[in-house]
Amino acid sequence: ERIDSTSGTFMTLPDQEMSLAMMGNSQRESFGMDAQNLLLQTDIAWASGYERPDYASSGCGLYLRGVDGSTFIEVYAAMDGVVYVTAHRDGALVPLINLKYGSWSIEGSGRLAVAADNQKITILWDDSILGTITDSTWKWSGDAGYVIHSGTNGDFGTKCVFSNGEGYLFNQ
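Mapping of the sequence shown onto our numbering: position 2 corresponds to residue 902, and the numbering continues sequentially without gaps.
Below, the structure written as structure tokens:
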């Protein structure tokens, strides 16, 4: 069944390039929205400024349901070939699920999509479903945007290029 315009609002996400050379740190770039149920998808290209970064800590992705700087959900593709889905509540990190999308690589690209519908969150990579999690404790409305994780201090650190992004905010 197709989604029609009476079910929500379509938006084009901005193209964005982000670099971060602070090992163990992340940075978020907001879309300036407030949504609980949404579909976000974007092409991602990444590179590492160092030949041996911390692969699991280097990656690019999306965050959603961001209440503030310490409460949000992240979905990011790391350089180790895994999409990590984590929740942060009042600063506490809660790993939700790890989904394998490929093999490790310090340069690569792919298309990440996240569909959130109440307590269900489904993750897709290159148009294939990787998995769905269901947890009613992470059901709230909030901001969404891009996220970068750096696993190196070398050169430019981790670089993420987001392009061709689309969002669909479902009516509540």
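Cβ coordinates follow ideal geometry from the N, Cα and C atoms, glycine included.
Just so we're clear, the structure is a prediction, and the values are computed from it rather than from any experiment.
query: Within the same chain, show all residues whose beta-carbon is closer than 7 Å to that of G1008, passing over the 5 residues directly before and after it, in chain order.; result: W946
query: Given a threshold of 16 other Cβ atoms within 10 Å of its Cβ, counted over all protein chains shown, does P953 qualify as buried or as exposed?; result: buried
query: Answer yes or no: do L962 and A1044 have a C-beta to C-beta separation smaller than 8 Å?; result: yes
query: How about F931 and G1067: are their beta carbons less than 8 Å apart?; result: yes
query: Once you ignore the five residues that flank V967 on each side, which residues in its own chain have a CB closer than 6 Å to its CB?; result: G1042
query: Could you tell me which whole beta strand (DSSP E) segments of length 3 or greater appear in the region 954-1016?; result: 959-968, 971-978, 982-989, 992-1000
query: Output needed for A921: all residues of its chain with C-beta closer than 8 Å, excluding positions within five of it in sequence on either side, in chain order.; result: G949, S1050, T1052, N1053, G1054, D1055, F1056, G1057, T1058
query: Would A959 and A987 qualify as a contact pair, given that the criterion is a beta-carbon distance under 8 Å?; result: It is Gly, not Ala, that sits at residue 959 in the sequence shown. In this structure, A987 does not lie closer than 8 Å to G959 by Cβ.
query: What's the gap between the Cα of G1031 and the Cα of A1013?; result: 11 Å
query: My parser needs the alpha helix (DSSP H) runs of 4 or more residues fully inside the region 1027-1055; what are they?; result: none
query: To the nearest angstrom, how far is the alpha carbon of G1010 from that of F1062?; result: 10 Å
query: Quick check on the burial criterion: 16 or more other C-beta atoms within 10 angstroms. Buried or exposed for T1034?; result: exposed
query: Mind checking whether W895 and I973 have CB atoms under 8 Å apart?; result: Past the edges of the chain, shown from 901 to 1072, lies residue 895, and the structure says nothing about it.
query: In the DSSP output, what is F1070 paired with across the bridge?; result: G908
query: May I have the straight-line CA-CA distance separating G1002 from F1070, to the nearest angstrom?; result: 30 Å
query: State the Cα-Cα distance for the pair T1022 and I1029, rounded to the nearest angstrom.; result: 7 Å
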